[in-house]
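Have a look at the structure below before the remarks.
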Amino acid sequence: MSDPEFNGSETLPIDILPGKDEILKQIELKIDAITEKLTEHGQKFNEISDKLQSMGNLVAKISKIDEDVETKDTGAKQAAPKSFVLKHIFENVENFVKGKSYQCDLENHFNVDSCIVLQRLNDHLACFVSIRGPKDETKWEVETKIDIKIDGPNQKSKAESCHHNFEINEGWGFPKFLEWEEMKNEYLLDGKLTVEANVQIMKSSGFSKEKIQKFDYSTKEDSDVVLVVNKKEFYVLRKYLAAQSSFFKALLLGNESKKPKVTLTGIDPDDFNYFLEVLHGELAIDEYNIEGILLLANTYDAKTAIRRCENFLLNESKKPLKKKLQMAVRYSLENLKNKCMEEIQTFHQLSSVIPSDINDLDHKLMGDLLKKAIHLH
């Protein structure tokens, strides 16, 4: 792996809800402790019960914070970003060989494979995010915003941010993320190092498949409005989209009802084409575009598209159980969540589905997983 240079500037995190963040950290520590305990054959029922009671109190506090935030939220609805979290606990870090790369397993999010990579470079710990392009494409790119964070004991934390446009399989980040001795003395916990990377895909190309249906200029006669997505024009019918989506009903039959062109920001044109195909009855959903379609369906409150995405995940998708549960929680897919919970039959499966980012674990799911742990015991 290359040793790239970084020319960006440090961005300091802004913590607008310190109380909630502290509670979330406490919950994360408790979940980690429970997960470790579940692997021990001698786990006692009363130990889990005590944890459940303790976490219940913390959940109650978070619920109160969420209610307070919701009452103050008066902002306009925005398109959700294509973002995801990579998180891994690296072991035996102090014995890393200089110059050798250590990486976690590749994860697929929004049809992009990625992972965290660590190296010991001289007297520093290097930390990168690696992005892999599609195997059958010679030209591709993924523009990203990357936030890497390492938390240590005693509330020690180190964070760095960068932007990078990936065009080849490579790792990009920070060759001098931490001084090696500082990392050993202040960030290791029992020889383990927890690294988290928040990745936002700003735009991408070279990952799309052939479109089933076109919405370009050739369909102009059958349209009455043009939607512009990242300079690409889609010719559609107002009332048809309005019937499929409460968002488009308010947009196209409301304030923008007289405009011949309406611009949509913050979304991928390929994802939007697949989304329109689903709305028009095409069998467009597959393993590669399901996340992009579901993101837009959820953003635009297109219930038919959401239902079709959930049916695909229930009956056809081969995605791992953990990934399905993450999507079920993120997009409130209750049937999918219930099926995932039914498929958890062992402690190993239970441990594997706990999200790496505690923010992906909603309050109800937290209780469901703990009840499942008690049932398995």
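Using full-length UniProt numbering, the letters of the sequence shown map in sequence onto residues 1 to 377. Quick reminder that beta carbons are idealized off the backbone N, C-alpha and C, glycines included.
Neighbourhood of residue i by C-beta distance below 8 Å, restricted to the same chain and skipping five residues each side
i	result
Glu334	Ala328
Gly292	Lys82, Phe110, Asn111, Asp268, Asp270, Asp271, Tyr274 and Phe275
Trp140	Gly133, Pro134, Glu167, Ser204, Ser205, Gly206 and Phe207
Val97	Arg120
Asp222	Tyr235 and Leu237
Ser317	Glu287, Ile290 and Lys324
Ile306	Leu294, Ala297, Asn298, Tyr331 and Leu333
Asp113	Leu106, Glu107, Ile131 and Arg132
Leu189	Gly152 and Pro153
Lys156	Glu186 and Tyr187
Asn169	Ser130, Ile131, Arg132 and Gly133
Leu321	Cys340, Glu343, Ile344, Gln349, Ser352 and Val353
residue 394	Residue numbering for the chain in the displayed model covers 1 to 377; residue 394 lies beyond these limits and cannot be assessed.
Thr71	Below a pLDDT of 50, predicted positions are generally treated as unreliable, and Thr71, at 33, falls in that range; the measurement from the model is reported next regardless. Here the set comprises nothing.
Asp136	none
Test item: CB-CB of residue i and residue j under 8 Å
i	j	result
Leu121	Cys127	no
Gly173	Ile146	yes
Leu193	Phe90	yes
Leu252	Leu264	no
Ala197	Val129	yes
Leu376	Lys339	no
Gly171	Val93	no
Lys261	Val228	yes
Candidates the options: closest to residue i by CA position
i	options	result
Lys239	Val229, Glu233 and Val225	Val225
Val199	Thr138, Val278 and His163	His163
Ile212	Glu277, Tyr187, Lys261 and Val236	Glu277
Thr346	Ser218, Ile374 and Glu256	Ile374
Gly99	Lys176, Asp136, His88 and Tyr331	Lys176
Glu310	Tyr300, Ile285 and Pro320	Ile285
Tyr217	Asp301, Glu233, Val229 and Val228	Glu233
Ile201	Ile131, Gln103 and Tyr300	Ile131
Leu279	Lys214, Val142, Leu321 and Val262	Lys214
Pro153	Met183, Phe312 and Ala302	Met183
Lys158	Val195, Glu143, Asp136 and Thr138	Val195
Gly266	Tyr187, Asn169 and Asn230	Asn230
Ala302	Leu365, Phe84 and Ala243	Ala243
Own chain residues within Cβ distance below 7 Å of residue i, not counting five before or after
i	result
Asp368	Met341
Ile344	Leu350, Val353 and Lys372
Lys180	Checking the displayed sequence, the identity of residue 180 turns out to be Trp instead of Lys. The residues are Arg120, Asp123, His124 and Leu125.
Tyr300	Ser245, Phe247 and Phe248
Arg308	Val278 and Ile285
His88	Cys104, Ile116 and Val195
Phe312	Ile285 and Ile290
Glu256	Val262
Thr219	Tyr235
Beta-carbon proximity list for residue i, same chain, < 6 Å, skipping 5 on both sides
i	result
Gly42	Model confidence at Gly42 stands at a pLDDT of 45, short of 50, so the residue's coordinates are unreliable; what they give is reported in the following sentence. Around Gly42: no qualifying Cβ.
Lys337	Ala328
Met366	none
Beta carbon proximity, residue i to chain B, threshold 8 Å
i	result
Ala297	Although the question refers to chain B, the structure presented lacks it and comprises just one protein chain.
Exercise. Would you check if there are 3 or more beta carbon pairs closer than 8 Å linking the stretch 241-250 to the stretch 207-215?
Key: no
Quiz item: Mind pulling the beta strand (DSSP E) runs of 3 or more residues that sit fully within the stretch 194-247?
Solution: The DSSP assignment places complete beta strand (DSSP E) segments of no fewer than 3 residues inside the stretch 194-247 at 225-229 and 232-236, in order along the chain.
Practice problem: Counting only runs of 4+ residues fully inside the UniProt domain "MATH" (83-199), write out the alpha helix (DSSP H) ranges in chain order. | Solution: Fully enclosed alpha helix (DSSP H) runs of 4 or longer: 180-186.
Quiz prompt | Unbroken stretches of the alpha helix (DSSP H), 4 residues or longer, contained in the stretch 304-331 | solution = 321-330
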